[in-house]
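J.: Let me begin by handing over the structure; questions about it come next.
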Amino acid sequence: MFSSTEYGPARYVRVYLTAPNRSEELLIPESLEDSASRASTLPSDRMLRRLAKDVEAREQRKGRPIERVKIEVWRTEFDPTSLAATPEKIREYDYAVAGTTE
Amino acid sequence: MITRWPARLSRPAVETGSLDLVLRLTLLEILLRPMGFWAVRSLLLLLSTLGLLIPKVLRTPATWLALTILVAWRLIDDWPLSDNHIYLLGYWCLTLFLSLISNRGSETARKSARLLLGLAFAFAILWKGVLSDDYLDGRFFRVTFLLDERFAHSTMLFGGLTEKELLQNRNYLNALPEGAELLEPLKLIEPPAFQTLVKAATWGSLFLEGAIALVFLIPLRGRFLILRHLLLLSFCIVTYAFAPVAGFGWLILVMGLAQCDSSQKIWRNLYFATYMIVLLYSEIPWSQLLFSLLK
Numbered sequence: 180m181f182s183s184t185e186y187g188p189a190r191y192v193r194v195y196l197t198a199p200n201r202s203e204e205l206l207i208p209e210s211l212e213d214s215a216s217r218a219s220t221l222p223s224d225r226m227l228r229r230l231a232k233d234v235e236a237r238e239q240r241k242g243r244p245i246e247r248v249k250i251e252v253w254r255t256e257f258d259p260t261s262l263a264a265t266p267e268k269i270r271e272y273d274y275a276v277a278g279t280t281e
Numbered sequence: 018m019i020t021r022w023p024a025r026l027s028r029p030a031v032e033t034g035s036l037d038l039v040l041r042l043t044l045l046e047i048l049l050r051p052m053g054f055w056a057v058r059s060l061l062l063l064l065s066t067l068g069l070l071i072p073k074v075l076r077t078p079a080t081w082l083a084l085t086i087l088v089a090w091r092l093i094d095d096w097p098l099s100d101n102h103i104y105l106l107g108y109w110c111l112t113l114f115l116s117l118i119s120n121r122g123s124e125t126a127r128k129s130a131r132l133l134l135g136l137a138f139a140f141a142i143l144w145k146g147v148l149s150d151d152y153l154d155g156r157f158f159r160v161t162f163l164l165d166e167r168f169a170h171s172t173m174l175f176g177g178l179t180e181k182e183l184l185q186n187r188n189y190l191n192a193l194p195e196g197a198e199l200l201e202p203l204k205l206i207e208p209p210a211f212q213t214l215v216k217a218a219t220w221g222s223l224f225l226e227g228a229i230a231l232v233f234l235i236p237l238r239g240r241f242l243i244l245r246h247l248l249l250l251s252f253c254i255v256t257y258a259f260a261p262v263a264g265f266g267w268l269i270l271v272m273g274l275a276q277c278d279s280s281q282k283i284w285r286n287l288y289f290a291t292y293m294i295v296l297l298y299s300e301i302p303w304s305q306l307l308f309s310l311l312k
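These protein sequence lines map, in sequence, to chains S and H.
Going by the numbering used here, the first residue of the first sequence is number 180, and it counts up by one from there.
Going by the numbering used here, the first residue of the second sequence is number 18, and it counts up by one from there.
Okay, here's the thing in structure tokens:
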């Protein structure tokens, strides 16, 4: 804390869903904010898998079929002189929902 | 030996002397900043309240062991989101538990607090000065002062920015999607006062925190011991006027207080007064009030 710009809001995740007849980016709903925060803070396989499973569970609760969850973890880089902000992808994770074909 | 442990855990320390206030202010900090999910939070609040009201509970090692376990539970449950000072609180509760079961409680707490403080500040310096690639060049405070809402009024007050300019800077700092460009690019506005504020915060923090790490880690004697109190109190009075992390401030003040024995009344009172000042800092939006007054 108080030593780097790379904390909290400077990191975020983008989640993409693939299902029969649809492929879309999911705007992180409140119910997924906690696991999304954990995944962006520590983008390990375990945290990303947990987020992907939460996304899968949410889609299933809503009765929507789902095949894959793709998660990207991004951070914002600030230029040392101009402070121009540039997004940088730091991790990508692909999760195939059990029972779906690769 | 094992059969004696339950008795030892539940037996209140007979002589806690100068440690009493340290224990009380630690419990007060837990009460002022409730944490964790419902089970952890309710038990922490219950134990802290009982500890403040009942001296036996306050001085019983089992109380501090339970607090250590509860804070550790919160850290595990919240992993990896907890603020760094919650880890320090966990170490501190463990320290107080060990102090209360030792034969020389105040002495054990004093030595442990000195090392915890020294190491906490040494690691802060390691991050700021070596591991972070955007602290020394000023980027951290430039970005934080502009983007963190909690610093907004201080930034306008001391950085010479208007509300409109601050808003424009925030828009400027929004990252655009890859390849995207604005039709009319925004400009970053950093008046000389803002640049001075950034430099003062960057180098002032580094110098003060480095000095604190040094005086707490090297063995000092006699009149040089005053340096520890002076630097730690100065750090808290200046930093927590701006930094929105009163919980950390209270914790390091309590550790500083643990350095004082019963005869050092002036220093003990100064630590207590600073604890109260940090409390006021955290509850009174002084920069917002001052900004509105001067506007």
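The beta-carbon is built from N, C-alpha and C at its ideal position, and this holds for glycine as well.
Would you kindly check if the distance between the Cβ of A258(H) and the Cβ of Y292(H) is under 8 angstroms?
T.: Residue mapping note: residue 292(H) aligns to position 275 of the second sequence, counting from 1. Residue mapping note: residue 258(H) aligns to position 241 of the second sequence, counting from 1. Result no, Cβ atoms of Y292(H) and A258(H) do not sit closer than 8 angstroms.
J.: Hey, A264(S) and N186(H) are a contact pair by Cβ (cut 8 angstroms); roughly how many whole angstroms apart?
T.: Here residue 264(S) corresponds to residue number 85 of the first sequence, with the count starting at 1. Here residue 186(H) corresponds to residue number 169 of the second sequence, with the count starting at 1. At roughly 11 angstroms, the Cβ-Cβ gap does not stay under 8 angstroms, so A264(S) and N186(H) are not in contact.
J.: Can you have a look at I245(S) and say buried or exposed, based on whether 16 or more other CB atoms are within 10 angstroms of its CB?
T.: Looking up residue 245(S) in the first sequence gives position 66. The residue is buried, with at least 16 neighbouring Cβ atoms inside 10 Å.
J.: Does the beta carbon of D37(H) sit closer than 8 angstroms to a beta carbon anywhere in chain S?
T.: Translated into positions along the second sequence, residue 37(H) becomes position 20. No, because no Cβ of chain S sits closer than 8 angstroms to the Cβ of D37(H).
J.: Find out if the Cβ-Cβ distance for the pair L105(H), L148(H) is shorter than 8 angstroms.
T.: As a first step, residue 105(H) is located in the second sequence; it is residue number 88 there, counting from the start. As a first step, residue 148(H) is located in the second sequence; it is residue number 131 there, counting from the start. Not closer than 8 angstroms, so no.
J.: Name the one or two DSSP bridge partners that D258(S) has.
T.: Translated into positions along the first sequence, residue 258(S) becomes position 79. According to DSSP, D258(S) bridges with nothing at all.
J.: Rounded to whole angstroms, what is the Cα-Cα separation between T172(H) and R76(H)?
T.: Position 155 of the second sequence, counted from the first residue, corresponds to residue 172(H). Position 59 of the second sequence, counted from the first residue, corresponds to residue 76(H). So the alpha carbons of these two residues sit roughly 44 angstroms apart.
J.: Would you call the stretch 252–263 of chain S in contact with the stretch 233–241 of chain S, where contact means no fewer than 3 C-beta pairs closer than 8 angstroms?
T.: With the cut-off at 8 angstroms, the stretch 252–263 of chain S and the stretch 233–241 of chain S do not touch.
J.: Of all the beta strand (DSSP E) runs that stay within the bounds of the stretch 234–292 of chain H, which reach a length of 3 or more residues?
T.: DSSP runs (the beta strand (DSSP E)) wholly in the stretch 234–292 of chain H: none.
J.: So L268(H) and W109(H) are in contact, right, with Cβ under 8 angstroms, and what is the actual spacing, rounded?
T.: Indexing the second sequence from 1 puts residue 268(H) at position 251. Indexing the second sequence from 1 puts residue 109(H) at position 92. That belief holds up - the Cβ atoms of L268(H) and W109(H) are roughly 6 angstroms apart, short of 8 angstroms.
J.: Thinking R245(H) and Q276(H) are a contact (beta carbons under 8 angstroms), I'd like their distance in whole angstroms, please.
T.: The residue labelled residue 245(H) in the question sits at position 228 within the second sequence. The residue labelled residue 276(H) in the question sits at position 259 within the second sequence. Their Cβ separation, rounded to whole angstroms, is 6 angstroms, which keeps R245(H) and Q276(H) in contact under 8 angstroms.
J.: Unbroken alpha helix (DSSP H) runs of length 4 or more, entirely within the stretch 105–156 of chain H: which are they?
T.: For the stretch 105–156 of chain H, whole alpha helix (DSSP H) runs of length 4 or above, ordered along the chain, are 122–143.
J.: Measuring only the C-alpha atoms, how far is E180(H) from D278(H)?
T.: On the second sequence, residue 180(H) is found 163 positions in, with the first residue counted as 1. On the second sequence, residue 278(H) is found 261 positions in, with the first residue counted as 1. About 49 angstroms.
J.: Measuring only between beta-carbons, confirm whether S210(S) sits less than 8 angstroms from chain H.
T.: Mapped onto the first sequence, residue 210(S) falls at position 31. No, its Cβ sits nowhere closer than 8 angstroms to a Cβ of chain H.
J.: Taking 8 angstroms as the threshold (beta carbon to beta carbon), is S149(H) in contact with chain S?
T.: The residue you call residue 149(H) lines up with position 132 of the second sequence. Output row for S149(H): interface = yes.
J.: Cα-Cα, which of A141(H), T112(H), S59(H) is closest to S222(H)?
T.: By one-based count along the second sequence, residue 222(H) stands at place 205. Ranking the options by Cα distance to S222(H), first place goes to A141(H).
J.: Hey, does F157(H) have any beta-carbon neighbour from chain S nearer than 8 angstroms?
T.: If you number the second sequence from 1, residue 157(H) lands on position 140. Judged by the 8 angstroms Cβ criterion, F157(H) is in contact with chain S.
J.: Write down every uninterrupted run of the alpha helix (DSSP H) in the stretch 40–70 of chain H whose length is 4 residues or greater and which is fully enclosed by it, in chain order.
T.: Correct list: 55–70.
J.: Please classify G68(H) as buried or exposed, where buried requires at least 16 neighbouring CB atoms within 10 angstroms.
T.: Position 51 of the second sequence, counting from 1, holds the residue named residue 68(H). Classification of G68(H): buried, given that the 10 Å Cβ count is 16 or more.
J.: Going by C-alpha distance, which of L287(H), Q281(H), L311(H), A260(H) is nearest E300(H)?
T.: Taking the second sequence and counting its residues from 1, the one referred to as residue 300(H) is at position 283. Answer by Cα proximity: A260(H).
J.: Does the beta carbon of L160(H) come closer than 8 angstroms to any beta carbon on chain S?
T.: Your numbering for residue 160(H) matches position 143 in the second sequence. Here residue 160(H) is Val; the residue named in the question, Leu, does not match the sequence. Yes, its Cβ sits closer than 8 angstroms to a Cβ of chain S.
J.: When Cβ atoms are compared, which residues of the stretch 171–201 of chain H fall closer than 9 angstroms to chain S?
T.: Answer in chain order: N186, Y189, L190, N191, A192, L193, P194, E195.
J.: What's the C-alpha gap between R167(H) and V262(H)?
T.: To locate residue 167(H), count along the second sequence from 1; it is residue 150. To locate residue 262(H), count along the second sequence from 1; it is residue 245. R167(H) and V262(H): Cα-Cα distance of roughly 11 angstroms.
J.: Looking at the structure shown, is M18(H) part of a helix, part of a strand, or coil, going by DSSP?
T.: As a working mapping, residue 18(H) is identified with position 1 in the second sequence. Here the model assigns M18(H) a pLDDT of 47, short of 50, so the residue's position is not dependable and the matter cannot be decided.
J.: Along the chain, which unbroken stretches of the alpha helix (DSSP H) at least 4 residues long are found entirely within the stretch 218–274 of chain S?
T.: If we require 4 residues or more, the alpha helix (DSSP H) runs fully inside the stretch 218–274 of chain S come out as 224–240.
J.: Note down, in chain order, every chain S residue with its Cβ under 7 angstroms from the Cβ of L98(H).
T.: Counted from its first residue, the second sequence places residue 98(H) at position 81. Result: S216, R217, T220.
J.: Could you tell me which of H170(H), L193(H), R159(H), A290(H) sits nearest to S182(S), measuring between CA atoms?
T.: As a working mapping, residue 182(S) is identified with position 3 in the first sequence. For S182(S), the nearest C-alpha among the options comes from R159(H).
J.: Report the rounded CA-to-CA distance for I206(H) versus E198(H), giving the unit in angstroms.
T.: As a position in the second sequence, residue 206(H) is number 189, starting the count at 1. As a position in the second sequence, residue 198(H) is number 181, starting the count at 1. C-alpha separation (whole angstroms): 19 angstroms.
J.: I'd like to know whether the C-beta of L262(S) is nearer than 8 angstroms to at least one C-beta of chain H.
T.: The sequence position of residue 262(S) within the first sequence is 83, counting from 1. It does: the Cβ of L262(S) has a partner Cβ on chain H nearer than 8 angstroms.
J.: Starting from T255(S), find everything on chain H with Cβ-Cβ shorter than 7 angstroms and list it in chain order.
T.: Locating residue 255(S) in the first sequence gives position 76, counting from the first residue. The contacting residues are A192.
J.: From L45(H) to P259(S), what distance separates their C-alpha atoms?
T.: Locating residue 45(H) in the second sequence gives position 28, counting from the first residue. Locating residue 259(S) in the first sequence gives position 80, counting from the first residue. In a straight line, the C-alpha of L45(H) is about 42 angstroms away from that of P259(S).
J.: Using beta carbons (cut-off 8 angstroms, strictly below), is L133(H) in contact with chain S?
T.: Translated into the one-based positions of the second sequence, residue 133(H) becomes position 116. So, not an interface residue.
J.: Within this structure, are the beta carbons of L193(H) and L250(H) separated by less than 8 angstroms?
T.: The count along the second sequence starts at 1 and reaches residue 193(H) at position 176. The count along the second sequence starts at 1 and reaches residue 250(H) at position 233. No, Cβ-Cβ distance for L193(H) and L250(H) is not below 8 angstroms.
J.: Could you tell me whether the Cβ atoms of I47(H) and S65(H) are closer together than 8 angstroms?
T.: To locate residue 47(H), count along the second sequence from 1; it is residue 30. To locate residue 65(H), count along the second sequence from 1; it is residue 48. In this structure, S65(H) lies closer than 8 angstroms to I47(H) by Cβ.
J.: What does W144(H) reach in chain S if we use C-beta pairs closer than 8 angstroms?
T.: Counting from one through the second sequence, the residue named residue 144(H) turns up at place 127. Here the neighbours are S182, S183.
J.: Name, in chain order, the residues that DSSP records as bridge partners for Y195(S).
T.: As a working mapping, residue 195(S) is identified with position 16 in the first sequence. Answer is E204(S), K249(S), bridged to Y195(S).
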